[in-house]
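All remarks here apply to the structure that follows.
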Amino acid sequence: MTDWEIVLKEWPRLASGFGTTLLLFGISAVGAFLLGALMVGPLRSRSKIVRIALRSYVDGMRMLPFLIFVYLLFYGLPTFGVKLDAWTAGLLGLTVYHCAYVAEILRGAWDQLPVGQTESAQAHGYHGLRLIRRIVLPQLILNTAPVLGNQLIYILKDTSFLMIITVQDLTYAASSIQSMYFVPLEPFLIAMALYWAISLLIEGFVRVVHGTAKERGLGHA
Amino acid sequence: MTAGGFQMLLDGAWTTIWISLIAIVCGVPIGFGLSLIRVSRVPVLSQIVVLYVSLGRATPLVTLALFLFVTLPVFGINIDKYTAGVVALTLNTASFNTEVWRSAYLAFPQSQIEAARATGMTRALYFRRIMFPQMWFAALPSLVNEMTLLIKASPAIAVIGVVDLTRVTNRIAAQTYEPLPPILIAGVMYILFIGVLVRLQRHLEKRAERYAP
Numbered sequence: 001m002t003d004w005e006i007v008l009k010e011w012p013r014l015a016s017g018f019g020t021t022l023l024l025f026g027i028s029a030v031g032a033f034l035l036g037a038l039m040v041g042p043l044r045s046r047s048k049i050v051r052i053a054l055r056s057y058v059d060g061m062r063m064l065p066f067l068i069f070v071y072l073l074f075y076g077l078p079t080f081g082v083k084l085d086a087w088t089a090g091l092l093g094l095t096v097y098h099c100a101y102v103a104e105i106l107r108g109a110w111d112q113l114p115v116g117q118t119e120s121a122q123a124h125g126y127h128g129l130r131l132i133r134r135i136v137l138p139q140l141i142l143n144t145a146p147v148l149g150n151q152l153i154y155i156l157k158d159t160s161f162l163m164i165i166t167v168q169d170l171t172y173a174a175s176s177i178q179s180m181y182f183v184p185l186e187p188f189l190i191a192m193a194l195y196w197a198i199s200l201l202i203e204g205f206v207r208v209v210h211g212t213a214k215e216r217g218l219g220h221a
Numbered sequence: 222m223t224a225g226g227f228q229m230l231l232d233g234a235w236t237t238i239w240i241s242l243i244a245i246v247c248g249v250p251i252g253f254g255l256s257l258i259r260v261s262r263v264p265v266l267s268q269i270v271v272l273y274v275s276l277g278r279a280t281p282l283v284t285l286a287l288f289l290f291v292t293l294p295v296f297g298i299n300i301d302k303y304t305a306g307v308v309a310l311t312l313n314t315a316s317f318n319t320e321v322w323r324s325a326y327l328a329f330p331q332s333q334i335e336a337a338r339a340t341g342m343t344r345a346l347y348f349r350r351i352m353f354p355q356m357w358f359a360a361l362p363s364l365v366n367e368m369t370l371l372i373k374a375s376p377a378i379a380v381i382g383v384v385d386l387t388r389v390t391n392r393i394a395a396q397t398y399e400p401l402p403p404i405l406i407a408g409v410m411y412i413l414f415i416g417v418l419v420r421l422q423r424h425l426e427k428r429a430e431r432y433a434p
C-alpha cells in the first residue's frame, strides 16, 4: 500500500478533524464578531470605569499569546473550581481572545467616521442600538473588511493550537495518521492544503465585500 | 512556586527570546529579498514568491512545525527540534515580511524616482541611496508589529517538544501541582516583551510620519 492509499483509507479521521476545525472556527468567528461589535459602543463609553476596564481587557489580549490564554482557561481555572473540557476551553478561548481584536479594529474605524454624520443621524431620530446597527456598524464593516478578513485567518490558524490541549482538530488528525502509519509527508500536505483553501475562500469573500464597499464610496480606511 | 520553578521560567523565556530573535534576524532580510523578486517581476520566481506568501500566510505554525520536524528527516535532512522551530518561525515570518516590504516599495513616491533619474543616477544607485533608507523608515513599524505577532505565535513550537516560556509552565505544574502561578508569571513576561515592542512600534510610527515622503 502506498502512502497516499493509507491516507485515503484514513480519510474519515482527516474529515472529522477538518470538521472540528471548521466548527471551532465558525462558532468562534461568529461569536467573536458579535461580541466585538457589541463592545465597540462601550469602548467609547463616557464612564471612565467602563472604558478603563474594557481597554485593559483589549490591550491584555493583544499582548498575550493565544496559547497562554488557553492555558489559563484550561489549566488555570480548575484552581477556582471551574473545570472546562478541552473543547469548551478552546472555543471559549478563541471567542474571548479574538473578540478583543475585532472590537479594537471596529473602534479604530469608528474614530475615523465623520462626527457630523452621527449627529445628523441623531437629528433624524436614530439613537442607541438602532444608530449603531443601521448607520455606524455597516460602514465599519465595509471599511475594515480586509483587516477583519486577516483576523478571520488568524482565528482559523489559532484553532490548531488547541491540539496542544488535546482537541482533535485537523492538525491533530494529520499528526495522528503520521505517527500511526509513519507516513510523514502526505497527511500534512492535505492538512496545509485544507487550511490554505479556507484562507483563499476568506480572501475571496473579503474581496467581494471590499468591492461592495468601493461601489458605495467606502473602504478607504 | 519555588525558586527552582522561577529559574525554569527564566530558562523558558530565554528559549522563546533566542528562537524568536534568530527568526526575526533571518526573516526580515529574506522578506526583503523576496519582495524585490516580486516587485521586479522576475519570471517564474515571482510567481513562486506569490505562492509562498499565500501558503505561508495560511499555514498554522503548529502544522508547519510538525511538518518540518517529521518530514525533513525522510528526505535525509536531519533536523533537531530547535532547528525545526527556528526554520518554522522564519518561514512563517518571512512570508509576512515580504508583504510589508512590498507595500513599502509600492508606496514609494514616483516623483522621487523621476528626480533621481533626471540627475543621472543608475537604478542600483538610487535604490541604495534614495529608496532603501526611506523604505526602511516606512516599513519598520509594520516589521515590529510582525515581530509581536511572531512572539505571540511562537508557543506553537512546543508541539515538537521545544520547552519555551509556554511549555515550561506544564513542567513546573507537574512538580508543584499548582498550574496557575507559573502560567500567570509567563503571561506577565509575554506582556512585558510584547509591551516593549508595541511601545517601540508607536515610537517608530511617529518618526515615520514625521519623515514621510
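Protein chains in written order, with my numbering: chain E, 1 to 221; chain B, 222 to 434.
We treat Cβ as the ideally placed atom computed from N, Cα and C, and that holds for glycine.
Three-way DSSP call (helix, strand, coil) for residue i in this model
i, result
"alanine 103 (chain E)", "helix"
"threonine 144 (chain E)", "coil"
"lysine 302 (chain B)", "helix"
"aspartate 385 (chain B)", "coil"
"tyrosine 166 (chain E)", "According to the sequence provided, residue 166 (chain E) is threonine. The question's tyrosine does not apply to it. In this structure, threonine 166 (chain E) counts as coil in the three-state DSSP scheme."
"phenylalanine 290 (chain B)", "helix"
"glutamate 203 (chain E)", "helix"
"threonine 369 (chain B)", "helix"
"phenylalanine 182 (chain E)", "coil"
"glutamine 219 (chain B)", "Residue 219 (chain B) is absent from the structure shown; chain B starts at 222 and stops at 434."
"proline 400 (chain B)", "coil"
"lysine 214 (chain E)", "helix"
"arginine 262 (chain B)", "coil"
"lysine 427 (chain B)", "helix"
"tyrosine 195 (chain E)", "helix"
"alanine 328 (chain B)", "coil"
"lysine 83 (chain E)", "coil"
"proline 250 (chain B)", "helix"
"glutamate 10 (chain E)", "coil"
"glutamine 112 (chain E)", "coil"
"threonine 343 (chain B)", "coil"
"leucine 64 (chain E)", "coil"
"methionine 222 (chain B)", "coil"
"histidine 98 (chain E)", "helix"
"proline 281 (chain B)", "coil"
"arginine 46 (chain E)", "coil"
"threonine 2 (chain E)", "coil"
"glycine 219 (chain E)", "coil"
"glycine 125 (chain E)", "coil"
"tyrosine 432 (chain B)", "coil"
Separation of residue j from residue i, as counted between CA atoms
i, j, result
"leucine 242 (chain B)", "arginine 207 (chain E)", "34 Å"
"aspartate 158 (chain E)", "threonine 343 (chain B)", "46 Å"
"aspartate 301 (chain B)", "valine 291 (chain B)", "10 Å"
"arginine 423 (chain B)", "proline 362 (chain B)", "7 Å"
"leucine 201 (chain E)", "alanine 359 (chain B)", "31 Å"
"leucine 413 (chain B)", "aspartate 385 (chain B)", "16 Å"
"isoleucine 155 (chain E)", "arginine 338 (chain B)", "46 Å"
"leucine 189 (chain E)", "isoleucine 198 (chain E)", "14 Å"
"serine 176 (chain E)", "valine 308 (chain B)", "23 Å"
"threonine 304 (chain B)", "leucine 293 (chain B)", "11 Å"
"glycine 252 (chain B)", "phenylalanine 182 (chain E)", "34 Å"
"leucine 142 (chain E)", "leucine 230 (chain B)", "44 Å"
"leucine 272 (chain B)", "leucine 266 (chain B)", "10 Å"
"alanine 191 (chain E)", "threonine 118 (chain E)", "46 Å"
"tyrosine 97 (chain E)", "alanine 103 (chain E)", "11 Å"
"glutamine 268 (chain B)", "alanine 328 (chain B)", "21 Å"
"threonine 212 (chain E)", "alanine 121 (chain E)", "22 Å"
"leucine 131 (chain E)", "methionine 163 (chain E)", "42 Å"
"valine 136 (chain E)", "isoleucine 351 (chain B)", "42 Å"
"phenylalanine 353 (chain B)", "glutamate 399 (chain B)", "52 Å"
"serine 47 (chain E)", "leucine 106 (chain E)", "19 Å"
"histidine 124 (chain E)", "isoleucine 378 (chain B)", "55 Å"
Supposed close pair residue i, residue j - CB separation, criterion 8 Å
i, j, result
"leucine 73 (chain E)", "alanine 89 (chain E)", "4 Å"
"leucine 54 (chain E)", "leucine 43 (chain E)", "5 Å"
"alanine 32 (chain E)", "threonine 79 (chain E)", "About 26 Å separates the two Cβ atoms, so there is no contact after all."
"glycine 226 (chain B)", "isoleucine 393 (chain B)", "4 Å"
"isoleucine 404 (chain B)", "glycine 19 (chain E)", "The Cβ separation is near 30 Å, so there is no contact."
"glutamate 367 (chain B)", "valine 321 (chain B)", "6 Å"
"arginine 134 (chain E)", "alanine 100 (chain E)", "Incorrect: roughly 25 Å between the Cβ atoms, too far for contact."
"leucine 310 (chain B)", "leucine 371 (chain B)", "6 Å"
Residue i CB to nearest heavy atom of the ligand SAM below 7 Å
i, result
"threonine 304 (chain B)", "Absence of the ligand SAM from the depicted structure is noted, as is the absence of any ligand whatsoever, leaving it without description."
Discussion item. Tell me which residues of the region 191-217 of chain E have at least one Cβ-Cβ distance to chain B shorter than 8 Å, keeping chain order.
Written reply: Ala191, Met192, Tyr195, Trp196, Ile198, Ser199 and Leu200
Worksheet item: Relative to chain B, which residues along the region 50-70 of chain E have a C-beta separation below 9 Å, given in chain order?
Response: Asp59, Gly60, Arg62, Met63, Leu64, Pro65, Phe66, Leu67, Ile68 and Phe69
Worksheet entry | Near-chain E residues of the region 344-378 of chain B (beta-carbon distance less than 9 Å), N- to C-terminal order | Residues of the region 344-378 of chain B that bring their beta carbon within less than 9 Å of a beta carbon in chain E comprise Thr369, Leu370, Ile372, Lys373, Ala374, Ser375, Pro376 and Ala377, in sequence order.
Item to complete: Return the residues of the region 273-285 of chain B that lie within a Cβ-Cβ distance of less than 9 Å from chain E, sorted by chain order.
Response: Ser275, Leu276, Arg278, Ala279, Thr280, Pro281, Leu282, Val283, Thr284 and Leu285
Item to complete: Check distances from the C-beta atoms of the region 151-173 of chain E to those of chain B and list, in chain order, the residues that come in under 7 Å.
Response: Ile153, Lys157, Ser160, Phe161, Met163, Ile164 and Thr171
Practice prompt. Using a Cβ-Cβ cut-off of less than 7 Å, give me the residues of the region 299-326 of chain B that come near chain E, in sequence order.
Written response: Of all residues in the region 299-326 of chain B, none places a beta-carbon less than 7 Å from a beta-carbon of chain E.
Worksheet entry | Members of the region 379-396 of chain B near chain E, C-beta cut-off 9 Å | Ala379, Val380, Leu386, Thr387, Arg388, Thr390, Asn391 and Ala394
Discussion item. Counting only Cβ-Cβ distances shorter than 8 Å, please list the residues of the region 79-111 of chain E near chain B, keeping chain order.
Written reply: Thr79
Item to complete: Output, in sequence order along the chain, the residues in the region 128-151 of chain E whose CB is closer than 7 Å to any CB in chain B.
Response: Those would be none; no residue qualifies.
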